[in-house]
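This report concerns only the one structure given below.
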Amino acid sequence: MKLLVEMPLESAPEGVIFSAAEEPIRLSPFGEWSLVTWRHGICWEWCVCNEENRKVLEHPTIFTSCIKAGDGSWRDFTLEFDVRQLLPLGDTSMDEMFNTCGRAGVFFRYVSYRQTYALFLECQNRIVLYRRDDDKWISLASHEIEIDRDRYYQFKVECKGDNIHCWMDGEPLFDVTDSALPRGRVALYANTVARFGFCRVTTDNAGVAEIANYVSSERLAAAKSAEGLCKPKLWKRISHPPRLPGGGKLALDISPGGKLCGAVLITTDHRFAPRDGAALVAVDVEGNVLWSCEVLKDAHVRVWNIDGDGEQDVLLFDGPKIKLLDIHSGGIKLERPAPPCNEMGNRGGRENETPYMPAYKVYPANIRGLGPGRDIVVLDIHTAFWVLNDKLELLWWRSREHGHDLGVCDIDGDGLDEILCGYVMFDHDGRELWTAEGTEYLVFTHDHVDHIIIDEFDGNLENGMEIAITAGNSG
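If you read the sequence shown in our numbering, its first letter stands for residue 5, the second for the next number, and so on.
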């Protein structure tokens, strides 16, 4: 038998192993295992502790979390683990808004967090084998049992072709045939307080050969699909450029002819920024610093020709000020106060945290018909957007639950851009054109927009353009 992956508990230090908290918490190495879960407002999610002279992995919260290992090529394998469920209930999450049933167990043939098989101890009164298909948890088999919170249950899952065989404590448990998910990773999952004593995945020689053949065929298929596509080519290496911090903001300076001339970026590099501060730095393509100035850490920068003079401009949101800078010198061409947040949208009750208009993303737009990029659309992180002209004057604003992206596009062919905010489309003058069906449900379940593309997708020019959205848990 060949070992595919094993949970390295004996070599792991006691204490926090995986955390999805904000900085400065760091993740400790844990072999091939990695955290799947998006961060929560808590300090730790998985830790190693000592129980009766052996190390175990504990999930010490009632918040949903998952750690995965392996790759998507695994088909035929044996998964063994033991688990102890300490609480019957869990907390609701953005992934499952109404589920409070405590679950602890494994994902296998895991394609994604929402496409996987799962074997759980559940609510301390049953064991369930699921296939998850997005929001649907399809029960393939279940067994009612009074789960003892003081003991570990040992499981074995054997996947071979379409067959899934499960054992508990050495006794047959489930024998299921299902072909929906032919291969994938493994993961440990809990939405309640639980502990895992071990987890290992093995396969035989035939399984090793099948995985190798699959990987080889996938590589050949990928190479064939890439034939004729442009290949990346290294153009230049720049020595000692200013460092981009985590979440750093970079804007490329592209001339009207399409030639890269340089870049402006916000950095905490102490060669340019004061301690505990930040700086806006412009560099050319050789890495030479052209100019720099101090800015706030939450400043935002974009580069395009805003005022219509044929030269690129630097648009800088720096705290309560909006500035238009000369790209060659960094000099201020125009400066205005940002509209006050507490008068221009509520941001979900966070107006006291940032009294001025925040900038999460900035978009060039054609709202007045003066041409592409002559107007500016500013998005905050959740509930409002503002439309400014090239004099940095507010034209209009709207407050809607949205998420992290806007769609800016001329959808009706009148030469002026419309704005899709969340699931609501606004005309160039701020009038609401339509709201997507079911929006009230989506908003109240935190189903927000992450990215938007508006374009022609279905090949039918007569029915207009289509909108593609990645939208929170709906994908």
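All residues carry an ideal CB built from backbone N, CA and C; glycine is no exception. Please read these numbers as outputs of a predicted model, since none were measured by experiment.
Secondary structure of residue i, DSSP reduced to three states
i: Leu-410; result: strand
i: Arg-306; result: strand
i: Arg-189; result: strand
i: Ala-225; result: helix
i: Val-219; result: helix
i: Thr-272; result: coil
i: Thr-196; result: coil
i: Val-391; result: strand
i: Val-289; result: coil
i: Glu-470; result: strand
i: Glu-422; result: strand
i: Ala-122; result: strand
i: Glu-175; result: strand
i: Thr-443; result: helix
i: Glu-10; result: strand
i: Gly-19; result: strand
i: Glu-100; result: coil
i: Glu-397; result: coil
i: Leu-465; result: helix
i: Glu-148; result: strand
i: Gly-109; result: strand
i: Ala-213; result: helix
i: Lys-327; result: strand
i: Gln-89; result: strand
i: Leu-294; result: strand
N- and C-terminal bounds of the beta strand (DSSP E) containing residue i
i: Cys-51; result: 50-55
i: Thr-439; result: 436-439
i: Tyr-117; result: It is not in any beta strand (DSSP E) - Tyr-117 carries neither H nor E in the DSSP assignment.
i: Lys-160; result: 157-164
i: Gln-128; result: Gln-128 -> no beta strand (DSSP E), and no H or E assigned at all.
i: Cys-70; result: 69-73
i: Arg-340; result: 336-341
i: Leu-248; result: No beta strand (DSSP E) contains Leu-248, which DSSP labels as neither H nor E.
i: His-455; result: 455-459
i: Ala-369; result: 365-369
i: Arg-58; result: 58-63
i: Phe-34; result: From DSSP, Phe-34 is part of no beta strand (DSSP E); its letter is neither H nor E.
i: Val-381; result: 379-383
i: Met-5; result: Run containing Met-5: none; DSSP gives neither H nor E here.
i: Asp-317; result: 317-322
i: Val-40; result: Note, Val-40: premise wrong, no beta strand (DSSP E); not H, not E.
Where residue i falls, given that 16 or more other Cβ within 10 Å makes a residue buried
i: Trp-390; result: buried
i: Phe-22; result: buried
i: Met-5; result: exposed
i: Gly-352; result: Here the model assigns Gly-352 a pLDDT of 43, short of 50, so the residue's position is not dependable and the matter cannot be decided.
i: Ala-3; result: Since the first and last residues shown for the chain are 5 and 479, residue 3 lies out of range.
i: Lys-263; result: exposed
i: Thr-387; result: buried
i: Ala-225; result: exposed
i: Lys-59; result: buried
i: Ile-423; result: buried
i: His-452; result: buried
i: Leu-125; result: buried
i: Phe-461; result: exposed
i: Cys-51; result: buried
i: Ala-194; result: buried
i: His-63; result: buried
i: Leu-123; result: buried
Neighbourhood of residue i by C-beta distance below 7 angstroms, restricted to the same chain and skipping five residues each side
i: Val-115; result: Gly-76, Leu-185, Gly-188
i: Ala-282; result: Ile-270, Thr-271, Thr-272, Val-299, Leu-300, Lys-301, Ala-303
i: Ala-363; result: His-304, Phe-321, Val-382
i: Ser-243; result: Gly-291
i: Gly-373; result: Gly-419, Leu-420
Proximal residues to residue i (C-beta, below 6 angstroms), its chain only, five neighbours per side dropped
i: Trp-37; result: Ile-71, Ala-73
i: Ala-369; result: Asp-379, Val-381, Val-412, Asp-421
i: Ala-337; result: Sequence inspection shows Lys at residue 337; the Ala mentioned does not correspond to that position. So the list reads Leu-328, Asp-330, once near-sequence residues are dropped.
Sub-8 angstroms separation of residue i and residue j beta-carbons
i: Val-305; j: Leu-328; result: no
i: Ile-371; j: His-432; result: yes
i: Glu-175; j: Thr-82; result: no
i: Ala-385; j: Thr-196; result: According to the sequence provided, residue 385 is Ile. The question's Ala does not apply to it. No. Outside cutoff.
i: Glu-148; j: Arg-135; result: no
i: Ser-69; j: Thr-104; result: no
i: Ile-326; j: Val-299; result: no
i: Ala-191; j: Phe-85; result: no
i: Val-205; j: Leu-39; result: no
i: Val-268; j: Val-307; result: yes
i: Asp-394; j: Gly-312; result: yes
Close-in-space but distant-in-sequence residues of the same chain around residue i (CB under 8 angstroms, 5 per side omitted)
i: Asn-309; result: Pro-260, Glu-315, Gln-316, Asp-317, Gly-377
i: Phe-102; result: Thr-96
Distance cut-off 7 angstroms: residue i Cβ against heavy atoms of the ligand NAD
i: Ala-475; result: Among the ligands in the structure shown, none appear at all, so the ligand NAD cannot be discussed.
Test: residue i CB closer than 8 angstroms to a CB of chain B
i: Ile-457; result: You won't find chain B in this structure, because it holds only one protein chain.
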